[in-house]
Every structure is written in C-alpha cells, then in structure tokens.
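Here is the structure we will look at, set down as structure tokens.
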Amino acid sequence: MPYSIQDTSKLCIHTITTQPWPIEEAIERYATVGVKGMTVWRQALEGRDPAPIGERIRAAGLSIVSLCRGGFFPGLDQTARQAAIDDNLKAIDEAAALGAPLIVLVCGAVLGQLLAESRRQIKEGITTVLPHAEACNVKLAIEPLHPMYADSRSAINTIKQANDMAEAISSPYVGVAVDVYHLWWDPDLESEIRRCGRAGNLLAFHVCDWKTPTKDMLNDRGLMGEGCIPIPTIRGWVEAAGFDGFNEVEIFSHRYWAMDQAGFLQEIKEAYLKYV
Ligand code: ZN
C-alpha cells in the first residue's frame, strides 16, 4: 500500500458521524485535523442555504464528496411514491446548490409490499428523477443495505442487486455506493466489486465496523478496528477495481454521539490511519 502512516488525503467524514456538531463547527474541526472530504447529510442543512455552506466547505479546503441521502422510492400508493419523487428532485437541487457531485440513495422498502415490487418501484423512481439529475450534473449512487433493513429501509440488499439495477438503467449518472457495514459478509463481494468497477459504476466507499454484539440495528455502528470487518481487504478490492475516491467514515452511534466530539474526531483519525 503506497500510503504513508499519516496520509489523510482520502479521509472523508459524514456529518452524521459527528451529529451533535452544527455543520459550521464540523467544517472547522474536520479541516483542523486534516480531514479532506465531507459528505453532507441533509438534516445538517436544515434552516440553511446550501450554496454558502458549500462555499464555506470548499474555502476550508474540504472536498464535498456527496449529499446523503435520497431514495425511499417505494410506497403503497401513488401519492406516497410521488412524494418520494418530489423529495428526490429537491435533494438533487440541494446537491447542485451545495456543489455535491453525488447523492447516495437509501432506496427504500415498505411493510406489506413484496420486495420485488419495491425494487420495481425503486427502478421507476430513479429513472423518473434521472433527467433532472443529469441536467444538474449530479450522480446517483444506489447503496445496497444489509438484509436486516429489508423490512423498511431498502429492498436492495446485495451489491449484485445494485449492480443489476445500475446496469439495467445504464446511465453514467447512476452507479453504486459500497458500504462495508452492509456488504462485508457477502461471499460474492470481491467479484461484484470487480464487476461494479468494470462497468464504471463504483461511485463511493463507506467505512465503519460491525460490533459484536450489535445492540441497536441502526445506531450502534463501530469505529474502524472495533469489529470484524476486514476493511483494508475490501479497500484493496475497490481500489483494484479502479476506485480512487475518498474513504468515507459513516458511523451512527448513540455511544459516540454522547461523547465529547473533539475526542471522538481524534479517535476517528487514529482508527482511520491504523485500520482502513
Ligand atoms: Zn453508507
């Protein structure tokens, strides 16, 4: 690996990782410790105009990696599905104003509906908003979620399903986000990452760790090195597949959010240098 021990040039952090900080403080703190990229969660923009926030991030020397998140396309009726389309169009506008080149899609699933039907609605939703994404020069990344979220968060649960959908849509504006938390267990991960890269669809790489036991299905993610995910191995696969973007630290954790965030940020940097 050609990385020096202090190389943070590909370190990106998702604003939700340090959720207690307002985005203005996160920008300043990340830049101070040498973080080079920021993925902005939409709730961090609440009550703010995205364009000046984007300028502020760039002025601090950080790249805006993506906006999180769009998606949640499936709905039990047309009204719900249209509301999702409208929200995704709005997210695309926000990304364009912010200067984010990419939106990560948590694609959605609804109780009481077959996953296959939800997948059909996801594909329909993406193709409906795609012309607006193209016009705004914002790409869309399908993020497959761990199967434990198939009930209500995503009907796309493997990288193969994400690859299949991205290839079926076949647009330079639609690809896949690889998140080690969701995909580390998959026996086909290496070959599907290779396939994803070959198709030009590998758009983002998210890292954190899987804790044993996991006490909360949503908000108990581990810091890198704290769990069982072979992160450097998976990073090697995405890089071998041609990916040269940021390594994005995305941790939802009640435990870490309760900590002093400046101390947590130091821990993130150390864990990144050691375990990613
Ligand atoms: Zn992710």
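Residues 1358 to 1633 in the working numbering are what the sequence shown lists, from first letter to last.
Ideal placement from N, C-alpha and C gives every residue a C-beta, glycine not left out.
Problem set entry | Residue from LYS1480, LEU1419 and ASN1494 whose Cα sits closest to the Cα of ALA1343 | The question about residue 1343 has no answer here: the residues shown for the chain are numbered 1358 through 1633.
For this session: Assign THR1590 to one of two classes, buried (16 or more other C-beta atoms within 10 Å of its C-beta) or exposed (fewer than that).
Result: Looking at its Cβ environment, which holds fewer than 16 other Cβ atoms inside 10 Å, THR1590 is exposed.
Problem set entry | Of the listed residues TRP1567, PRO1409, LEU1560 and ASN1520, nearest to GLY1602 (C-alpha basis) | Scanning TRP1567, PRO1409, LEU1560 and ASN1520 for the CA closest to the CA of GLY1602 turns up LEU1560.
For this session: Give the secondary structure of HIS1539 by DSSP, where H, G and I count as helix, E and B as strand, and everything else as coil.
Result: If DSSP states are grouped into helix, strand and coil, HIS1539 belongs with the helices.
For this session: Quick one: give me the first and last residue of the beta strand (DSSP E) that SER1420 is part of.
Result: Residues 1420 to 1428.
Exercise. Excluding five sequence neighbours on each side, which residues of the same chain lie with their C-beta closer than 7 angstroms to the C-beta of THR1569?
Worked result: Excluding positions up to five away in sequence, the list reads GLY1584 and CYS1585.
Problem set entry | Per-residue DSSP class, three states only, for HIS1371 | Strand at HIS1371.
Exercise. Say the cut is 8 angstroms; is the CB of TYR1387 nearer than that to a heavy atom of the ligand ZN?
Worked result: Short note on TYR1387: C-beta not closer than 8 angstroms to any heavy atom of the ligand ZN.
Exercise. Which word fits GLU1627, buried or exposed, when buried means at least 16 other C-beta atoms lie within 10 angstroms of its C-beta?
Worked result: Flag for GLU1627 reads exposed.
For this session: Quick one: residues with CB closer than 5 angstroms to any heavy atom of the ligand ZN, in chain order, please.
Result: Those residues placing their Cβ nearer than 5 angstroms to any heavy atom of the ligand ZN are, following chain order, ASP1536, HIS1563 and GLU1607.
Exercise. With 16 as the cutoff for other CB atoms within 10 Å, does TRP1542 come out buried or exposed?
Worked result: Under a 10 Å Cβ-count criterion, TRP1542 is classified as exposed, with fewer than 16 other Cβ atoms of the shown protein chains found around its own Cβ.
Exercise. How big is the Cα-Cα spacing for GLY1469 and PRO1431?
Worked result: Between GLY1469 and PRO1431, the C-alpha separation is close to 11 angstroms.
Exercise. Hey, quick one: how far does the alpha helix (DSSP H) through HIS1489 stretch, first residue to last?
Worked result: Start and end: 1472 to 1492.
Exercise. With DSSP run on the structure shown, which of helix, strand or coil describes GLN1513?
Worked result: Reading off the sequence, residue 1513 comes out as Ile, not Gln. Reduced to three states, the DSSP call for ILE1513 is coil.
Exercise. Of all the options LEU1419, THR1365, THR1372 and GLU1385, which has the alpha carbon lying nearest to the alpha carbon of GLU1607?
Worked result: If we check each option's Cα against that of GLU1607, THR1372 comes out closest.
For this session: Could you pull out every residue in the same chain whose Cβ sits closer than 7 angstroms to the Cβ of CYS1464, ignoring the five residues on either side in sequence?
Result: Here the set comprises GLY1428, PHE1430, ILE1479, ILE1499, SER1511, ALA1512 and ILE1513.
For this session: To the nearest angstrom, report how far apart LYS1517 and ALA1597 are at their CA atoms.
Result: Rounded to the nearest angstrom, the gap between the Cα atoms of LYS1517 and ALA1597 is 18 angstroms.
For this session: Take the Cβ of LEU1471 as the centre, count every other Cβ of all protein chains shown within 10 Å, and call the residue buried at 16 or more, exposed below.
Result: Counting every other CB atom within 10 Å of its CB across the protein chains shown gives LEU1471 a total below 16, marking it as exposed.
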